[in-house]
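Undergrad:
2 protein chains.
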Amino acid sequence: MGVVIPVEEPRHDGGSELEALSALVASDLSLVNSLILSRTGSDVQMIPEVANHLIESGGKRLRPLLTLAAAKLARYPGDGHIRLAAAVEFMHTATLLHDDVVDESEMRRGKASARMVWGNQASVLVGDFLLGQAFRMMVEVGSLPGLDILSTAATVIAEGEVMQLAAAKNIATTEDEYLAVISAKTAALFAAACEVGPALMGATEEQDAARSYGANLGIAFQLVDDALDYGGREAKLGKKVGDDFREGKITLPVIFAVRRGSPGEREFWKRTLEQGHADDSALETAIELLQRHGAIEETLARARHYGATACEALDVFPDSQAKRALLDVIDFVTARAH
Amino acid sequence: MGVVIPVEEPRHDGGSELEALSALVASDLSLVNSLILSRTGSDVQMIPEVANHLIESGGKRLRPLLTLAAAKLARYPGDGHIRLAAAVEFMHTATLLHDDVVDESEMRRGKASARMVWGNQASVLVGDFLLGQAFRMMVEVGSLPGLDILSTAATVIAEGEVMQLAAAKNIATTEDEYLAVISAKTAALFAAACEVGPALMGATEEQDAARSYGANLGIAFQLVDDALDYGGREAKLGKKVGDDFREGKITLPVIFAVRRGSPGEREFWKRTLEQGHADDSALETAIELLQRHGAIEETLARARHYGATACEALDVFPDSQAKRALLDVIDFVTARAH
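Residue numbers (UniProt numbering), protein chains in the order written: chain A, 1 to 338; chain B, 1 to 338.
Right, here's the structure in full:
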């Protein structure tokens, strides 16, 4: 499509921000990866096949990295954060497996989605297995506050997904309604991933701050994702440009374009997103309309706003390597569109 | 179909056995029902709609009843068993919602399945929501052993379902393989439901006994279900006769008939169950073959064997109303075919 998405210059070279974080928690992450591998194991061969198809498909491990870094930020001295980080990744993977069934997606992270290879049935059931394993690992850590945070997140994520389902194909969706959806379906797991480390220390103030950082980072992450869907390059995203459009998803760029559009344009959005006439030529028109109304730019501005709030949330923590790494993640997330 | 399934006479009038159990834990069950109702609540309207469609559809609440009675059996004096019983019912309901998607079922408990009314997407996501709520309730009880038992069961159930998926449409499935599937997909939750009450008391020996009772009862329950699929009346089952057959499920009656059948008969099973030519006239032939080889009768005999083992497991407990009620449940389960 050749669409140029305007974003601020990142503080570092694009893409390097996660490397600082990865380096900081390298030994922990390697323990998490071993644990993930061993806990997808089962005598039922199809389970590790389906699980590892997705887990080894080059995901960034962003959420478990956040758990590890936030535990470091709170100076947690134990090893419970390893299992919690693996549990967070399993919860995320389970959500993706179920999402692919719900959205009827054909691709995920640049390769065929699990449901295309093994069927919807295996995707649903292996998702359930991973969710069960996630809870088992939390139980092994033995932290009831940690269990509380993550089980609540599991509920809220599902609530957000259902909310999105109920709002789907309705171009009258408001910005507030949309923010409620992504706060639940995306930001809740980011928030929980960041909160569980400090929660192991029982440090309430630090817990709240880490949670706020995660929640705001999660919203920024989702908004950038929404923008990328109308302009990212396939190789970068691992999904096709226009997937949200073809699925009739109402995201923030669309909400802005509908609000600012003429009656004729609203007819266009209704026809494509509500009535399903969203082919490739309609996608070109959609991108033109989004650009005309500055909808992508405005969405990215909102993302930077949430990024700034995430940044402020870390004020309660003294300077440390962990804090600097977490601040860099904000750049990584908001500059992904670059 | 008018097939008469031979079973032993129940000790009491058919169907009354659960009433004794219900009466014994009536006040607890009413608390569980209120809790279930309140915990399906959500601002997202579709969630209680989908959840209650199934939860209020006349399920027997057999699993939470077992949790309540087993807690009484172990003389547990607290109120944690109420939340655990509700959690067990939510886990069961989540499994049913996901099963309907996996099996593409059109009916459940005599009415349209949730996925036929609200779609596969809502069934998957509301199942996830209920699973999350189940874990939240367990966390509220604060018993790590209880959490361990139920989270492990969640994993094992999913494993059993995937095992069944992998074995589906394969008439070479052995009795042992089939028992491994139902031990996981059905009996694991019965076992966990019975074990969590005594686990709240930390009484290891009683815990093991209650678990063994539940596991054996669960296998008996599933075997009777399998037999009923080839001969129960629709009104009684809430599903159509022959559902398993039409879905190509290999159950114990079929395994017996295949093993005892002629080469020509094995061709019949291959054509219907493996290759999907399972229409109503094929169902009549299937039932004839099952009867010719005594396959239904043999399956019910196996169910009674597991029932007897469940009975023996309770030997460690002194006589009590709770024990007598749990013994009656075995009759209820094995005499359902009557």
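Backbone N, C-alpha and C fix where the C-beta goes; we use that ideal spot for every residue, glycine too. All values reported here derive from a predicted model rather than from experimental measurement.
So, with DSSP's three-state summary, where would you put Leu237 (chain A)?
TA: Interpretation of Leu237 (chain A) is limited by its pLDDT of 49, a score under 50 that renders its predicted location unreliable; the figure taken from the coordinates is listed afterwards. DSSP places Leu237 (chain A) in helix when its eight states are reduced to three.
Undergrad: Please compile the residues from chain A whose C-beta is within a distance smaller than 8 angstroms of the C-beta of Ala98 (chain B).
TA: Sequence inspection shows His at residue 98 (chain B); the Ala mentioned does not correspond to that position. Simply Val124, Leu125 and Asp128.
Undergrad: Would you say Arg136 (chain A) reaches chain B, if we count a Cβ-Cβ gap shorter than 9 angstroms as a contact?
TA: So, interface residue.
Undergrad: Against chain A, which members of the segment 150-180 of chain B pass a CB distance test of less than 7 angstroms?
TA: The segment 150-180 of chain B vs chain A, Cβ under 7 angstroms: Ser151, Thr152, Ala154, Thr155, Ala158, Glu159, Glu161, Val162, Met163, Leu165 and Ala166.
Undergrad: Please state the DSSP three-state secondary structure of Arg83 (chain B).
TA: Of the three classes helix, strand and coil, the one that applies to Arg83 (chain B) here is helix, per DSSP.
Undergrad: Is Ser113 (chain A) close to chain B? Criterion is C-beta to C-beta, closer than 9 angstroms.
TA: Not one chain B Cβ lies under 9 angstroms of Ser113 (chain A).
Undergrad: Would you verify that the beta carbon of Ser105 (chain B) is, or is not, closer than 9 angstroms to some beta carbon of chain A?
TA: For Ser105 (chain B), the answer is no, since every Cβ of chain A falls outside 9 angstroms of its Cβ.
Undergrad: Determine the direct distance from the alpha carbon of Ala188 (chain A) to that of Ala153 (chain A), and round the result to whole angstroms.
TA: The straight-line gap from Cα to Cα measures roughly 6 angstroms.
Undergrad: So is Ala235 (chain A) buried or exposed if we call it buried at 16+ other beta carbons inside 10 Å?
TA: Note that Ala235 (chain A) scores 41 on pLDDT, short of 50, meaning its location in the model is unreliable; the coordinates nonetheless yield the value given after this. Flag for Ala235 (chain A) reads exposed.
Undergrad: At what residue ranges does the segment 186-234 of chain A contain a whole run of the alpha helix (DSSP H), taking only runs of 4 or more?
TA: 188-201 and 204-228, all fully within the segment 186-234 of chain A.
Undergrad: Could you tell me which whole alpha helix (DSSP H) segments of length 4 or greater appear in the segment 72-137 of chain B?
TA: The segment 72-137 of chain B contains these whole alpha helix (DSSP H) runs: 80-103.
Undergrad: Residues in the segment 193-208 of chain A with C-beta within 9 angstroms of chain B's C-beta atoms, listed in sequence order?
TA: The residues in question: there are none.
Undergrad: Closest to Ala310 (chain B) by CA distance: which of B:Glu288, B:Leu290 and B:Cys194 is it?
TA: The option with the nearest alpha carbon to Ala310 (chain B) is B:Cys194.
Undergrad: Count Cβ pairs between the segment 157-177 of chain B and the segment 30-42 of chain B that sit closer than 8 angstroms; are there 3 or more?
TA: Taking 8 angstroms as the limit for Cβ pairs, the verdict is that the segment 30-42 of chain B does not touch the segment 157-177 of chain B.
Undergrad: Against chain B, with Cβ distances strictly below 9 angstroms, would Gly218 (chain A) count as a contact?
TA: With 9 angstroms as the cut-off, Gly218 (chain A) does not count as an interface residue toward chain B.
Undergrad: Is the beta carbon of Val196 (chain A) closer than 9 angstroms to that of Ser143 (chain A)?
TA: Their beta carbons are under 9 angstroms apart, which means Ser143 (chain A) touches Val196 (chain A) by this criterion.
Undergrad: Between Ala85 (chain A) and Val32 (chain A), which are expected to be in contact by the criterion C-beta below 8 angstroms, what is the C-beta distance as a whole number of angstroms?
TA: Confirmed, about 5 angstroms.
Undergrad: Take every Cβ of the segment 300-320 of chain B, pair it with every Cβ of the segment 217-228 of chain B, and state whether three or more of those distances are shorter than 8 angstroms.
TA: They touch, by the three-pair rule.
Undergrad: What residue from B:His53, B:Leu18 and B:Arg259 has the CA that sits closest to Arg109 (chain B)'s CA?
TA: With distances taken between Cα atoms, Arg109 (chain B) lies closest to B:His53.
Undergrad: Helix, strand or coil for Ser34 (chain B), going by three-state DSSP, please let me know.
TA: Note: Ser34 (chain B) maps to helix in three-state DSSP.
Undergrad: Excluding the 5 residues flanking Thr67 (chain A) on each side, which residues of the same chain have their C-beta closer than 8 angstroms to its C-beta?
TA: His81, Leu84, Ala85, Val88, Ala193, Cys194, Val196 and Gly197, listed in sequence order.
Undergrad: Within this structure, are the beta carbons of Ile250 (chain B) and Asn170 (chain B) separated by less than 9 angstroms?
TA: Cβ atoms of Ile250 (chain B) and Asn170 (chain B): closer than 9 angstroms.
Undergrad: Quick one: which residues of the segment 34-51 of chain A get their C-beta closer than 9 angstroms to a C-beta of chain B? List them in chain order.
TA: Here the close residues are Ser42, Asp43, Val44, Gln45, Met46, Ile47 and Val50.
Undergrad: Which same chain residues, not among the five before or five after Ser113 (chain A), have their C-beta less than 7 angstroms away from its C-beta?
TA: These residues qualify, in order along the chain: Asp100, Ser105, Glu106 and Met107.
Undergrad: For the alpha helix (DSSP H) holding His305 (chain B), just list the boundary residues, first then last.
TA: Start and end: Ala295 to Ala313.
Undergrad: With a cut-off of 8 angstroms, do at least 3 Cβ pairs link the segment 257-271 of chain A to the segment 283-302 of chain A?
TA: A contact exists between the segment 257-271 of chain A and the segment 283-302 of chain A.
Undergrad: Does DSSP classify Arg61 (chain B) as helix, strand or coil?
TA: Arg61 (chain B): coil per DSSP, three-state reduction.
Undergrad: With distances taken Cα to Cα, identify the nearest neighbour of Leu165 (chain B) among B:Asp103, B:Ile149, B:Val124 and B:Leu97.
TA: It is B:Asp103.
Undergrad: Taking the alpha helix (DSSP H) that Asp176 (chain B) falls in, what are its first and last residues?
TA: From DSSP, the alpha helix (DSSP H) with Asp176 (chain B) extends over Glu175 to Ile182.
Undergrad: May I ask which residues mark the beginning and end of the alpha helix (DSSP H) holding Thr285 (chain B)?
TA: Here the alpha helix (DSSP H) through Thr285 (chain B) covers Asp280 to Arg292.
Undergrad: Asp28 (chain A) touches chain B at which residues, Cβ-Cβ below 7 angstroms?
TA: The contacting residues do not exist; Asp28 (chain A) stays about 23 angstroms from chain B at best.
Undergrad: By a C-beta neighbour count over all protein chains shown, 10 Å radius and 16 as the cutoff for buried, is Asp148 (chain A) buried or exposed?
TA: Buried, since its Cβ has 16 or more Cβ neighbours within 10 Å.
Undergrad: Using a Cβ-Cβ cut-off of 9 angstroms, state whether Asp148 (chain B) counts as contacting chain A.
TA: Closer than 9 angstroms: yes.
Undergrad: Which residue from A:Arg75, A:Ala168, A:Gly294 and A:Leu62 puts its Cα closest to that of Gly276 (chain A)?
TA: Taking only the C-alpha atoms, the option nearest Gly276 (chain A) is A:Ala168.
Undergrad: For a cutoff of 9 angstroms on Cβ pairs, would you count Leu189 (chain A) as touching chain B?
TA: No, Leu189 (chain A) lies away from the interface with chain B (no Cβ there is under 9 angstroms from its Cβ).
Undergrad: Taking Gly248 (chain B) as the reference, which of B:Ala282, B:Pro263 and B:Pro145 has the closest Cα?
TA: It is B:Ala282 whose Cα lies nearest to the Cα of Gly248 (chain B).
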